[in-house]
Amino acid sequence: MKIVVDENIPMAERCFGRIGEAVEVVKLPGRHLESGQVLDADALIVRSITKVNEALLAGSKVRFVGTATIGVDHIDQRYLAEHNIAFTSAPGCNARSVVEYVIAALLELESIRDFSMEGKSIGIIGLGNVGSRLRAQCEALGLRVLACDPPLQEQGVAGLVSPDEAWQADIVTLHVPYTQEGRHSTHHLADEKRLRDMVQGAVLVNTARGPVVDNMALSRVLDERYDLSVVLDVWEGEPFVNIELVSQVDIATPHIAGYSYDGKVRGTWMIYQALCRHLGQDVLLQETDLIDPTLNLLLDVQGEQIATPTTARDIVMRVYDIREDDIGLRTSLRLPREKRALGFDALRKNYRVRREFSTVRLRGREYLQTVLPPLEFNRLKALGLQLEP
């Protein structure tokens with residue numbers, strides 16, 4: 009059996025190489041995958057950068073397609089169904105990672121803009137795996153959550169607000185799937201009117217898909233609305249990025265919000281499970297089997313010779329410093345024009361190990377309780393790090 013896997017999917021050989029006997033795992037660049045490379049493959053495992061459709065699969069032996077991602081807008085599911093090709097995604101695999109990215113971004117904005125999360129409202133648009141987790145996290149942090157999901161509201165789900173209400177929040181963060189058809193199309197959901205009508209001093213965060221925000225309209229609005237703060241992790245036309253827009257936003261990153269080590273490993277494991285079920289094989293590996301114990305993180309904030317922390321951000325930066333991703337993208341855009349797309353992909357391919365907050369042990373609980381203001385210590389607790397004596 010031959011399994012073609014995107015070269016940037018972690019633990020691919022360890023997982024898929026143990027499914028049955030005589031398994032060949034072939035790792036290839038996902039963005040440039042061609043039909044000839046999958047003709048004799050039995051299974052195809054991809055990420056969001058690979059368009060899986062008739063052009064790629066026609067005439068191939070592929071009977072199983074898995075994407076190690078939450079989003080599925082790159083998959084022609086109708087074609088797969090019509091040709092009896094099994095399909096699975098990895099819903100929720102990197103939801104924690106995206107939530108932590110959003111919180112890290114908001115904490116960073118507190119240090120670089122005239123902005124504070126305290127007492128603010130946040131409009132969360134899209135209540136799927138990411139949005140629902142973010143809702144719980146923001147409530148724990150004391151933000152007033154305005155949750156918005158029109159399809160769920162139509163199904164009778166309570167506690168949701170209209171899009172008009174959500175867009176009038178102090179912070180608006182987008183977590184919708186990308187769709188171009190139907191009543192709930194999300195193409196340019198953030199159009200020029202929505203952007204211009206945001207409240208004074210508002211914050212916009214997009215970690216969904218690039219075209220959910222009209223990038224050209226956003227650039228025009230930012231030419232006039234200097235009061236707005238913007239965090240973009242996704243871009244129209246990736247891997248090409250609008251350089252002017254990058255220069256206008258506060259935080260710009262190369263589609264890595266969901267790139268925690270734990271999230272990527274979880275995504276691989278979820279596809280591995282699904283392929284085992286498809287083939288009638290036993291699941292021999294658990295998610296914990298795939299985590300490298302040498303990557304476990306212990307921070308001794310009192311014992312290490314570092315500056316005394318004064319905010320939760322000071323601690324979060326030790327786990328995930330979002331500034332590194334922002335600097336990385338801006339630096340890559342200094343490359344010659346013909347090399348910028350390669351630079352964007354290289355940042356993602358060579359992404360550093362980033363652990364999720366819940367996996368991090370933080371030693372010095374009593375010390376932190378002494379040196380941090382109550383608001384900041386409570387924030388730290390709400391973020392889920394393992395606080396130890």
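Just so you know, the sequence shown maps onto residues 9 to 397 in my numbering. By construction, the Cβ of each residue, glycine as well, lies at the ideal position given by its N, Cα and C atoms. Note that this is a predicted model, so its numbers are computed, not measured.
- Query: How close, in whole Å, do the beta carbons of residue 130 and residue 117 come, if the pair is a contact with beta carbons under 8 Å?
  - Reply: Residue 130 sits at position 122 when you count from the first residue of the sequence shown. Residue 117 sits at position 109 when you count from the first residue of the sequence shown. About 12 Å separates the two Cβ atoms, so there is no contact after all.
- Task: Taking residue 141 as the reference, give the member of 104, 163, 170 and 127 with the closest Cα.
- Result: In the sequence shown, the residue the question calls residue 141 occupies position 133. Answer by Cα proximity: 104.
- Task: Could you check what DSSP says for residue 276 in three-state terms: helix, strand or coil?
- Result: Sequence index remark: in the sequence shown, residue 276 carries index 268 (1-based). Reduced to three states, the DSSP call for residue 276 is helix.
- Message: Could you tell me the alpha carbon to alpha carbon distance between residue 136 and residue 161, rounded to whole angstroms?
- Response: Within the sequence shown, numbered from 1, the residue matching residue 136 stands at position 128. Within the sequence shown, numbered from 1, the residue matching residue 161 stands at position 153. When rounded, the distance between both Cα atoms is 13 Å.
- Query: Between residue 112 and the rest of its own chain, which residues show a CB-CB distance below 6 Å, the 5 nearest in sequence each way excluded?
  - Reply: Within the sequence shown, the letter at position 104 stands for residue 112. Taken in chain order, the residues that qualify are 324, 328 and 330.
- Find out if the Cβ-Cβ distance for the pair residue 74, residue 283 is shorter than 8 Å. Your numbering for residue 74 matches position 66 in the sequence shown. Your numbering for residue 283 matches position 275 in the sequence shown. Closer than 8 Å, so yes.
- Are residue 334 and residue 390 close, meaning C-beta to C-beta below 8 Å? Taking the first residue of the sequence shown as 1, we reach residue 334 at position 326. Taking the first residue of the sequence shown as 1, we reach residue 390 at position 382. Cβ atoms of residue 334 and residue 390: not closer than 8 Å.
- Task: Please report the Cβ distance between residue 309 and residue 245, rounded to the nearest whole angstrom; I am assuming they are in contact, meaning their Cβ atoms lie under 8 Å.
- Result: Stepping through the sequence shown from its first residue, residue 309 is reached at position 301. Stepping through the sequence shown from its first residue, residue 245 is reached at position 237. The pair is not a contact, with the Cβ atoms about 42 Å apart (cut-off 8 Å).
- residue 186: which of 39, 255, 383 and 214 sits nearest, CA to CA? Here residue 186 is taken as the residue at index 178 of the sequence shown, counted from 1. The option with the nearest alpha carbon to residue 186 is 214.
- Message: If I measure Cβ to Cβ from residue 138 and keep anything under 6 Å in the same chain, skipping five residues before and after, which residues do I get?
- Response: Counting from one through the sequence shown, the residue named residue 138 turns up at place 130. Within the same chain, residue 138 has close Cβ partners 103, 106 and 183.
- Candidates 10, 50, 9 and 17: which alpha carbon is nearest residue 274's? What you label residue 274 is simply residue 266 of the sequence shown in a count that begins at 1. Closest by alpha carbon: 17.
- Item | Local Cβ density within 10 Å of residue 248, reported as buried at 16 or more and exposed below that | For the purposes of this step, residue 248 is identified with residue 240 of the sequence shown, where counting begins at 1. Residue 248 should be labelled exposed.
- Task: Compute the Euclidean distance between the alpha carbons of residue 396 and residue 370, then round it to the nearest angstrom.
- Result: As a first step, residue 396 is located in the sequence shown; it is residue number 388 there, counting from the start. As a first step, residue 370 is located in the sequence shown; it is residue number 362 there, counting from the start. Going from the Cα of residue 396 to the Cα of residue 370 covers about 6 Å.
- Message: On a Cα-Cα basis, can you pick out the residue from 39, 128 and 68 that is closest to residue 210?
- Response: Numbered from 1 along the sequence shown, position 202 holds the residue referred to as residue 210. The candidate whose alpha carbon is nearest that of residue 210 is 128.
- Task: Would you kindly work out how many angstroms separate the C-alpha atoms of residue 280 and residue 23, rounded to a whole number?
- Result: Walking along the sequence shown from the start, residue 280 turns up at place 272. Walking along the sequence shown from the start, residue 23 turns up at place 15. In a straight line, the C-alpha of residue 280 is about 6 Å away from that of residue 23.
- By how many angstroms is the C-alpha of residue 387 removed from the C-alpha of residue 317? Taking the sequence shown and counting its residues from 1, one reaches residue 317 at position 309. Taking the sequence shown and counting its residues from 1, one reaches residue 387 at position 379. C-alpha separation (whole angstroms): 13 Å.
- Task: Would you kindly check if the distance between the Cβ of residue 368 and the Cβ of residue 303 is under 8 Å?
- Result: Start at 1 with the first residue of the sequence shown, and residue 303 comes out as number 295. Start at 1 with the first residue of the sequence shown, and residue 368 comes out as number 360. Against a cut-off of 8 Å, the Cβ pair of residue 368 and residue 303 comes out as no contact.
- Item | Residues of its chain near residue 237, where Cβ-Cβ distance is below 8 Å and the 5 sequence neighbours each way are ignored | Position 229 of the sequence shown, counted from the first residue, corresponds to residue 237. Around residue 237: 117, 121, 123, 209, 210, 211, 212 and 258.
- Item | residue 208 - DSSP class collapsed to helix/strand/coil | Here residue 208 refers to the residue found at position 200 when the sequence shown is read from its first residue. If DSSP states are grouped into helix, strand and coil, residue 208 belongs with coil.
- Task: Within its chain, find whatever has a CB closer than 8 Å to the CB of residue 28; leave out the 5 residues flanking it on each side and keep chain order.
- Result: Looking up residue 28 in the sequence shown gives position 20. Taken in chain order, the residues that qualify are 9, 287 and 289.
- Inter-residue spacing [alpha-carbon to alpha-carbon] between residue 61 and residue 83: The residue given as residue 61 occupies position 53 in the sequence shown. The residue given as residue 83 occupies position 75 in the sequence shown. Roughly 6 Å separates the two Cα atoms.
- Query: What first and last residue would you give for the beta strand (DSSP E) that runs through residue 35?
  - Reply: Numbered from 1 along the sequence shown, position 27 holds the residue referred to as residue 35. Taken as a continuous stretch (DSSP letters only), the beta strand (DSSP E) holding residue 35 covers 32-36.
- Closest to residue 253 by CA distance: which of 263, 265, 240 and 264 is it? For this step, residue 253 is matched to residue 245 along the sequence shown. For residue 253, the nearest C-alpha among the options comes from 240.
- Count the other CB atoms within 10 Å of the CB of residue 351; is the residue buried (16 or more) or exposed (fewer)? Within the sequence shown, numbered from 1, the residue matching residue 351 stands at position 343. Under this definition residue 351 is a buried residue.
- Task: Compute the Euclidean distance between the alpha carbons of residue 50 and residue 271, then round it to the nearest angstrom.
- Result: Reading the sequence shown from its first residue, position 42 is the one you call residue 50. Reading the sequence shown from its first residue, position 263 is the one you call residue 271. Distance between the alpha carbons of residue 50 and residue 271 is about 26 Å.
- Message: By the three-class DSSP mapping on this structure, what secondary structure does residue 156 have?
- Response: Residue mapping note: residue 156 aligns to position 148 of the sequence shown, counting from 1. Three-state DSSP puts residue 156 in a strand.
- Task: May I ask you to report which of helix, strand or coil DSSP gives residue 182?
- Result: Within the sequence shown, the letter at position 174 stands for residue 182. Residue state, collapsed to three classes: strand.
- Task: Take residue 359 and list the residues in its own chain whose beta-carbon comes closer than 7 Å to its own, dropping the five residues that flank it on each side.
- Result: Along the sequence shown, read from residue 1 onward, the residue named residue 359 stands at position 351. 264 and 267.
- Compute the Euclidean distance between the alpha carbons of residue 301 and residue 31, then round it to the nearest angstrom. The count along the sequence shown starts at 1 and reaches residue 301 at position 293. The count along the sequence shown starts at 1 and reaches residue 31 at position 23. The straight-line gap from Cα to Cα measures roughly 27 Å.
- For residue 3, the nearest candidate out of 362, 217 and 39 (CA to CA): No information on residue 3 is available, as it lies outside the stretch 9 to 397 that the chain covers here.
- Message: As a quick exercise: from 47, 296 and 342, pick the residue whose alpha carbon is nearest that of residue 255.
- Response: On the sequence shown, residue 255 is found 247 positions in, with the first residue counted as 1. Per the Cα distances, 342.
- Query: According to DSSP, what are the bridge partners of residue 74?
  - Reply: Taking the first residue of the sequence shown as position 1, residue 74 is located at position 66. Looking at the DSSP assignment, residue 74 forms a beta bridge with 53 and 96.
- Query: Quick one: what does DSSP say residue 106 is sitting in, helix, strand or coil?
  - Reply: In the sequence shown, residue 106 corresponds to position 98, counting from 1. Reduced to three states, the DSSP call for residue 106 is helix.
- Message: Taking 7 Å as the cut-off, is the C-beta of residue 60 nearer than that to any heavy atom in the ligand ADP?
- Response: The ligand ADP is absent from the structure shown, which contains no ligands of any kind.
- Item | Simplified DSSP state of residue 308, which is helix, strand or coil | In the sequence shown, the residue the question calls residue 308 occupies position 300. Residue 308 falls in the strand class under three-state DSSP.
- Task: Taking 8 Å as the cut-off, decide whether the C-beta atoms of residue 3 and residue 159 are in contact.
- Result: Residue 3 cannot be examined here, being either before or after the span of the chain that is shown, 9 to 397.
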